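Using my numbering, the first residue of the sequence shown is number 86, and each one after it goes up by one. Cβ coordinates follow ideal geometry from the N, Cα and C atoms, glycine included. Just so you know, these numbers come straight off a predicted model, no measurement behind them.
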Amino acid sequence: MKLWRDDNPQDFQQAITAFQEAIIATPTTNPNRQQYLDTLFSALVKKFDQTGDFIHLDTLVNSTPKDDSDRAMWLNNLSIELGRQYQRGSGQHYLDAAIRIAQYAVDTDLHEISALNTLSIHLKRRYQVTSSHGDLTEAIRLVRMAANLATEPGEDRAASFSNLAIYLRLEHDYGRTEQLLQDAIDAANESVKAAGNSPSSVHCLVALSSALEKRYEENGNIDDLKEAVRLSREAEERASNTQDGYPSLLNNLGGQLEVMYLQSGDVGLLDNSIEVTQRACDMAPEGHIDRAMILDNLATRIGRQFQHTGDSELLEESIKSSRLAVQGTEAKHIDLPERLNNLGNKLLLRHIRLPNIKDLDEAINVTKKAIELVIGKRSSYATLRNNLANLLQYKFRYSRDLAFLNEGIDILTDLVEEMERLPKNHPGVASKRHNLAVKLSQRYYFSGNSDDIDKAVDILERTVKNMTQEDQHLPVCLKSLGHGYQTQSMIRQDPPSKIDQALDCFVRASELPQAIPWMRINAVRQAIAILHQKKDWARADKLAGKAMALLPLVCSRHLSREDQVYAISQASGLAADQGSLALRLGEVNRALEHLEFGRGIILGYILDSRSEFNDLKLDHPDLANLYEELRSKANREFEPKASANEGWLLKERRDAVRELEGVVKRIQEHTKYGRFLKGPTIDELKGFATESPVVLVNVTDISSDAIILTKNHTKAISLPELQSRNAPTSLQQCFTQYSLSRAGNERDMSGEDDDDLEGNNLPNTLSWLWSKCVRHILEEMRQIGISLSSADPPRVWWVGSGIASSFPFHAARDISLDPEKDALRLVVSSYSPTIRTLQHSQSRVSSSVLSKGENPSILVVTMPKTPGQKPLDGAEAERRAIEKVCKGIYSIDDSLKSPTADDVSKAIPKSDILHFACHGKSDHVNPLNSHLLLQKRLGDKTVVDRLSASKLSRIAATGKARMVYLSACSTAQVPNSKLRDEGLHIASVFQVLGFLHAIGTLWSAGDDICVEIADGFYSHITQNSKTGFPNDQVARALRSAILSIQSRYPNNPEIWAQFVHFGV
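Okay, structure coming up:
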C-alpha cells in the first residue's frame, strides 16, 4: 500500500487524499469506515512522530466531517492516545498535540464531559512541566464545566470531581488560601461518593488522600495524615498493577509513609516507604513520565535511611537513584532544578563523610546548573543560591582558597539585599541573613579584617531585633550574635558591655523551647566559659545542671548508633565542664556523679542488654511510649519552607519540651525509677570501687582536678599546673580544641586531631604529665595508706575526662628517668572509659571461672598480607611465639589466617582468649567506624574487609570471654576530639561485650615490637597459670613486657608506651 511507502512525499499525500475521500463517501453505518479511520490515524500519527509537524494531525482532524456525531468522541480518544505516548516518554510535542486535539474535541461538543476532562488533564500536565499558571486556571474552568454537566453518580461525575480536587490542591500550592484546600477536600469527597466501588474509585481515593495530606502539612493534625495513609492503602488494594497511574499511586503512598516516619520517628515506616517506592520504580519502565520523579523520591527516602543508620552503601544507592532521576528529566522540565539540587546535597553528604574534591566540585556544578534554569522564575532561586554559597564555603575549608568564600559571601550579599524588599517576618529571610553573617565571621577568622566581624554583628543585631520570641531561627541567631560580641570584645579589649551582651545572648538561646536540645546545651557551654571568666561558678553550675538534664534527650538509647555519635559530638564537654564547676564549689561527690552520668553514654547503651527503659516499657508502657514520642518531637529538626506548617511544627516542639519535664517527673515518682535519667549515686559509685583506687582525672579550661575513689575514700586533688599555659606543644592543641568545641558546628561531627603523642616530643609530654599530674596523685595515694613500690606495685585504674581523656598516665615519668619517678614502675596501670564499664567487667569475673581441669582456649587471628597495606611479617612470628609459649597450658584453636569479618564475628561468641595480629585503623570522624583490617573475595579480587567497632557492638560474647589482645595500630585511640569522653574504640567495645580484659594501643605500633610484647606478655601469663587463667596477672603481664622493652629503649617511649590494658 502506497500509504506506508512514505519516502515519496507525493505518493504519501495522494494516499492520504484517497483515504479521506473514502471516509467521506462511506456511510457511518458501514463497518469498513472505522477501519479506514484507524489506518489513516496510524499513518498520520507516525508522520507526526517523524516530523513533529501539526499539519499531519490537522489533516487527520479534518478527515472527519464536523457534523459527524462520533467526531468529538473520536477526537477525544485520539487525544488520550497522544497523551499516553507522552507519558511513555515520547516528548513534549506529544503533550502539545494531545492538547490541540482535545481542544478540537471540546470545540466540536461543549457538552462532551470526557473531552472536557481530557483537555483539563493535559493542561494540568503541561502546567506541572512549564509552571504556566494560565494552563492550570483553564484546567479548573474546564473541569468545573464537566462537574456541572455530570449530575448523576457514575464515572463521569467521579472523574470530574477527582480532577477538580487535584487541580484545586495545585492552585492552593500556588496561592495558599485555606478555602481552596477545603474546596479540594469537598470535591474529592464528592468524587469518592460518585465512584462507589467502580474502578475509577482508585483515582478518587488518591485525590482525597493527597488533599488530606496537604491539610496535615498546613495544620499538623495527625488524624488527617493517618486518614490519608488509610485511603492510599485502600486505593492500592483496589487498583490493578496494570492500571494507569499505579506507579504514581505507590509513590504517593511511599511519600505519606515517609511523612509518618518524620512525625513519629518509627524506622519501620521509613523501611515500608522505601519498599513501596522501590515497587513504584520497578513498575515505571524506562521513559515513563513518572519514573524520574519516583527515582528522585526514592533517592531522598534512601538518603534518610542512610542518615539513620550511617551505612555508606545506602548513601551510594541514594546518589545512584538521584543521578538516574536527573538523567531521566527533560531539560525544560519544571522539576529539573530541584532534582539537580537534591543530587548536589547528596554529593555534599558523601564529601563530608569521606572528603573528596570531585564530589564537592560536582555538587557545585549541578547546583550552578540548577540556578541557571530558574533565574528570575521561581522562589527556589533564593534557596539554590543559598545552597551554592554553602558549597563554596566547604570548598574554601577544603582548599583554604579565600576566593571561594568571597564568592559565597557575594552571592549571599546580593540575596540578602533582594530579600530586604520582603516582609520582615517572611520565612527564609532570617536564615539567609544568618548564613551571610556566619560566612563574614569565618572570613574574619581567616583574614583578620575586623570590618567583617562588625558587619556580621550588625546583620545579626538587626535580624534578632525583627524576630518574634517564637521564631525558629532565634536560638541560632542569638548564639552566633553572642560569638560576634565575644570576638569584638577580644579585638578591642572593650569594657564588660560586649562580653555581658554575649552572655545574655547565650543564656537566652539556652532557654528557648523551640531550640533543639543539643543547641541549648551548646549555648550553655558558651555561657559557662564567660561565667568562668567572671568567677561566677554558682550561676555557671546552675546553668550546666539544666543542660545536663537535656543530655538523655539529645542521645537516646533508641537512636541509631550513627545518630548517637552525632548527638554526643554536639554535646561534647558538658559533663567535664560541670564536673569542674562542682569541684570549684567544693562538691566532690556531685562532681563524680556528673562525670559518670554524662560520659561514656554510647558504651553504656551497648552494655545494657536489659536497660532501665526496657523495664519501664514492661512496667508502665503508656508512660514509656509517651516519653519516647515527646523526646522524638523535642529533637526533630526540619527545614522550614514558606508555608503555614512552620508554625505548628515549632509549637509542637515547644509543647513537647514542656510536657517532657512533667513525664520524667511522673516516671521518677515510681519507686523503682526514682533515678530515671539521673545516673548512679555516689554510694553506688563507691560500691563499684575496690581496695585499689580508681583515679578520675578531669581537665577542662575551667580547672584541672583528680578524684581518687576507693571503697573507703573519695578525695579530690586540685592540679592547677595542668593547664595550657605550660603544656608541651604536643598537647597544646588539646586545650585549644576543647575551647573551640564550645563554638559548635550545626552540621559537622568531625573534630580535629588534637595531639601528637607518638611524635618526637613524647618524652617531654610524659615528663610534663608526671610533674603536673601523676606525681601529685601518687603522693596523695601514699597519704591515704596505699603503698607504692616497684617490687610489689599496686593496681590503679585511670579514667580520663575532658582534655585528659587520651592522656597516657601509665607512662608518665620524670625527664631524669629516675625509676622512683616513673608511673610504669610504681603502679600497675589499667584504664576504663567509665567507672560503670569497669564495674561491668568486675561483675563478670565469677561467670568466667574455669571448671576443674578446664583449660582456656586461644584463637589467633593473623593477617600477614592485607590488600593495599604493607605486609606484616611479624604476624605469623607472633602466632608461632604464642603457640610455643602456651603449648600444654592453654588449648590452642586452629588459627584464622587472613579471615573475613564474618569469619571472625562467628568465632568471637565462642572465644576464651582472642588474639589479633593485623592492621588497625581509628576513624577520625566516627569512632564506631574504627576497624581491624581483614580481607574477603570480591569477584576475582581480594579486598579489605573491615571488622568495625559498630559491627562488634552487635555481637554477643556468650563464651568465657576472658581476654582480647589487639596487636594492631590505634585500637584504643579516639582521634575525634569531640568524642574523646565517650571512650569509644575497638578495645572498649570488646570490654562492654563482656571480655574481662582488652589490650590495645594508643597509636601505631612497630611490627617487631608487637612480637616482642606479645611474647613477653604470654610468657608472664603462663608462668602464673597453675590454677587456670590468672585475671589478676593480665595487667601485670603487660607491664612486665613493656618494662623489658623500656629498659632497652628508655628514651624512645613512642616504641613501647602505646600498649594499654582495659578491664579487671
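Cβ neighbour criterion (16 or more within 10 Å) applied to residue i
i, result
"K969", "exposed"
"V1028", "exposed"
"S358", "buried"
"A608", "buried"
"D707", "exposed"
"I900", "exposed"
"Q172", "buried"
"Q578", "exposed"
"Q868", "exposed"
"H755", "exposed"
"H679", "buried"
"K517", "buried"
"P1135", "exposed"
"L703", "exposed"
"A727", "Bear in mind that the predicted position of A727 carries a pLDDT of just 36, short of 50, making it unreliable; the figure below should be weighed with that in mind. Exposed, since its Cβ has fewer than 16 Cβ neighbours within 10 Å."
"H1105", "buried"
Own chain, CB closer than 8 Å to residue i, minus 5 neighbours either side, in chain order
i, result
"L425", "V411, V451, T452, K454, A455 and L458"
"N74", "Here the chain covers residues 86 to 1149 and nothing more, so residue 74 does not appear."
"E319", "L290"
"I404", "A384, L428, K431, L432 and R435"
Three-state secondary structure (DSSP) of residue i
i, result
"G1085", "strand"
"T1027", "strand"
"S728", "Per-residue confidence for S728 stands at a pLDDT of 41, beneath the threshold of 50, marking its modelled position as unreliable; no derived number is given."
"A1090", "coil"
"I419", "coil"
"G887", "strand"
"G689", "helix"
"N357", "helix"
"S875", "coil"
"K955", "coil"
"N783", "strand"
"K702", "helix"
"L670", "coil"
"Y466", "helix"
"Y975", "strand"
Beta-ladder partner(s) of residue i, from DSSP
i, result
"W853", "Paired residues: none, contrary to the question."
"S914", "V881"
"L160", "According to DSSP, which records beta bridges pairwise, L160 is partnered with nothing at all."
"A801", "I792"
"Q1020", "V1029"
"R898", "D907"
"F1001", "V946 and L1051"
"V930", "Note: V930 sits in no beta bridge, so no partner."
"V1145", "G1085"
Expected contact under 8 Å - CB spacing of residue i and residue j to nearest Å
i, j, result
"T362", "L383", "5 Å"
"Q1020", "P949", "Not a contact, Cβ separation roughly 11 Å."
"S890", "L1081", "S890 to L1081, Cβ: 23 Å. No contact."
"S942", "D978", "5 Å"
"N427", "D356", "Not a contact, Cβ separation roughly 21 Å."
"L999", "V1049", "5 Å"
"L421", "I449", "Contact flag wrong, Cβ pair sits at about 17 Å."
Neighbourhood of residue i by C-beta distance below 7 Å, restricted to the same chain and skipping five residues each side
i, result
"A992", "L944 and L981"
"T850", "P813, S815, L816 and L842"
"S565", "H519, A522, V523 and L545"
"L804", "S789, D790, A791, K857, C858 and H861"
"A652", "W603, V639, C640 and L644"
Neighbourhood of residue i by C-beta, 6 Å cutoff - its chain only, sequence neighbours within 5 removed
i, result
"Y466", "V459"
"Y570", "K583, Q586 and A587"
"Q753", "G759 and F761"
"T572", "I538"
"P238", "A279"
Within-8 Å CB hit, residue i to chain C
i, result
"I793", "Absent from the structure: chain C. Only one protein chain is present."
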